[in-house]
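Participant: Sending over a structure as structure tokens; questions will come in a sec.
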Amino acid sequence: MNDDRSTPVASQDGHGQRVTELLTADAGGLSRAADLLRLGGLVAFPTETVYGLGADATNPRAVAGIYAAKERPSFNPLISHLPDIAAAEREGVFGPDAARLAAAFWPGPLTLVVPRAEMSRICDLATAGLDSVALRVPGLPLARDLLTLVGRPVAAPSANRSGRISPTRADHVLADLIDRIDAVIDGGGTNVGLESTIISCLDGEMRLLRPGGVPREAIEEVLGRKLLDGAAPTDEEAPLAPGMLESHYAPRAMVRLDAEEVRPGEGALLFGRKRPPGIETAGAIRNLSESGDLVEAAANLFAHLRGLDDARVPAIAIVPIPAHGLGEAINDRLRRAAAPR
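Going by UniProt numbering, the first residue of the sequence shown is number 1, and it counts up by one from there.
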């Protein structure tokens, strides 16, 4: 069914490909998206962080569709998204610390890993068989409106093929997942540009599993103590949460961190107004923030990495990025992009 809220951007070719609908970010588009999700379909939608690839988290077949579309390792658990704290509390057990963080930062770019509630509807495939669940109430009102219409938890990792750069616009989603999903809601560009911070709230410990859209310092201020650091898993271990695989968010080009110069033909990812030696020989140039603003840099990170990768440069030279505030999350993503693969 297509009307002025839905545009087909892919067509059946006889080999099992889907028709991918491009939906508008209005009541009609959200209604269509919710219908597709309740029927077990895959719908990409914007949040304040990146675009998520949504599926009904209570439906194992729908969740399996996420793994298939993303070509994602099945041992990596998924974040389930809810419209409000009350809905999240039906799926997970919130101790005092987790409840404080939820009250302080939800809706927003924070994921809490908490014990799974006895009556949780989230399927085992979405949790990768763990006794914990990763939950988030997104900050974007459009995303919460969609979740309210669906009426069920929606599992939604970033809407890209596994290991590729996360999408911050609808066209990024289509570049990776056209013919693989049922629909994309075009809500424009995201304003945070990094995935959510993930905090493990298990066994009385509060651990930072993944830096993201809420800085460590803000979380520690609410808790009144320092966060513990989550250890990166080995290849044989099942990660507690998304984003913990060592090689992740990887462009096709090789990535060179803390570059003091640009080699001939390389792509250059800059920060601030400083121009490193050799910049005139760069094959392509992007600047995360001319003014040195880490919030702007975070919002631009994935789009600029994707732009440099699309330029088909042999390598990407990335200048040093400050490590404070959102810089911790930016550097985390860049280290994963540079990991051997």
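Heads up, the beta-carbon is just placed ideally off N, CA and C, and yes, glycines get one too.
Please read these numbers as outputs of a predicted model, since none were measured by experiment.
Spatial neighbours of P211 within its chain, please: CB distance less than 7 Å, with the 5 preceding and 5 following residues excluded, ordered by chain position.
Facilitator: Result list for P211: T197, E328, A329 and D332, in chain order.
Participant: Any idea if A128 is buried or exposed, counting beta-carbon neighbours within 10 angstroms, 16 or more meaning buried?
Facilitator: A128 is buried by the Cβ-count criterion.
Participant: Report the residue ranges of all alpha helix (DSSP H) runs contained in full by the segment 96-159; include only those spanning at least 4 residues, in chain order.
Facilitator: Here the runs fully enclosed are 96-105, 124-127 and 141-150.
Participant: If the criterion is Cβ atoms closer than 8 Å, does the pair L227 and L202 meet it?
Facilitator: Not closer than 8 Å, so no.
Participant: Counting C-beta neighbours from all protein chains within 10 Å, is the total for R225 16 or more, i.e. buried, or is it exposed?
Facilitator: So R225 ends up on the exposed side.
Participant: What's the gap between the Cα of N191 and the Cα of T49?
Facilitator: Going from the Cα of N191 to the Cα of T49 covers about 7 Å.
Participant: DSSP three-state label for E21, please.
Facilitator: Three-state result, E21: strand.
Participant: Would you call the segment 84-92 and the segment 61-72 touching, i.e. three or more CB-CB distances under 8 Å?
Facilitator: As far as the Cβ criterion goes, the segment 84-92 does not touch the segment 61-72, which means the pair count is below three.
Participant: Around the Cβ of A323, are there at least 16 other Cβ atoms within 10 angstroms (buried) or fewer (exposed)?
Facilitator: The residue in question, A323, is exposed, as its Cβ has fewer than 16 Cβ neighbours within 10 Å.
Participant: Using DSSP bridges, identify the partner residues of A51.
Facilitator: Reading off the sequence, residue 51 comes out as Tyr, not Ala. In DSSP, Y51 forms a bridge with P46.
Participant: Using the C-alpha atoms, what's the distance from L223 back to A337?
Facilitator: Taking the straight line from one Cα to the other gives about 31 Å.
Participant: Please state the DSSP three-state secondary structure of T168.
Facilitator: Looking at T168 - three-state DSSP - the assignment turns out to be coil, as it is neither helix nor strand.
Participant: Excluding the 5 residues preceding and the 5 following R38 in the sequence, name in chain order all residues of the same chain whose CB lies nearer than 8 Å to its CB.
Facilitator: So the qualifying residues of the chain are D56, V150, G151 and R152.
Participant: From D258 to G193, what does the alpha carbon distance come to, in whole angstroms?
Facilitator: Near 21 Å, if we compare the C-alpha coordinates of G193 and D258.
Participant: Can you name the start and end residues of the alpha helix (DSSP H) that R225 belongs to?
Facilitator: Looking at the DSSP string, R225 is not in any alpha helix (DSSP H), and its letter there is neither H nor E.
Participant: If contacts are defined as beta-carbon pairs under 8 Å, then V154 and V133 qualify, I think. What distance do you get, rounded to the angstrom?
Facilitator: Not confirmed; about 13 Å, so no contact.
Participant: By alpha-carbon positions, which one of A282, A170 and R256 ends up nearest to P340?
Facilitator: Closest by alpha carbon: R256.
Participant: For G325, which residues in the same chain have their Cβ closer than 6 Å to its Cβ, ignoring the five residues on either side in sequence?
Facilitator: Excluding sequence neighbours, G325 sits near P215 and L294.
Participant: Quick one: what does DSSP say G92 is sitting in, helix, strand or coil?
Facilitator: Strand.
Participant: So the alpha helix (DSSP H) L301 belongs to, where does it begin and stop?
Facilitator: Unbroken alpha helix (DSSP H) run through L301: L294 to D310.
Participant: Bridge partners for R256 per DSSP, in chain order?
Facilitator: Answer is A317.
Participant: Keeping to the same chain, check which residues put their C-beta closer than 6 Å to that of N300; ignore five residues upstream and five downstream.
Facilitator: Once the five neighbours on either side are set aside, the close Cβ partners of N300 are L288.
Participant: L142: which of L22, G187 and L177 sits nearest, CA to CA?
Facilitator: Cα-wise, what sits closest to L142 is G187.
Participant: Pull up the distance between the alpha-carbon of H304 and that of R273, whole angstroms please.
Facilitator: Using only the alpha carbons, I get a separation of about 16 Å.
Participant: In the DSSP assignment, what residue or residues form a beta bridge with T197?
Facilitator: Answer is L110.
Participant: Grouping DSSP H, G and I as helix and E and B as strand, with all else coil, what is D182?
Facilitator: Reduced to three states, the DSSP call for D182 is coil.
Participant: Rounded to whole angstroms, what's the CA-CA distance from I122 to A282? Just pull it up for me.
Facilitator: Their backbone Cα atoms lie some 48 Å apart in a straight line.
Participant: Measuring only the C-alpha atoms, how far is G278 from G28?
Facilitator: Approximately 51 Å between the Cα atoms of the pair.
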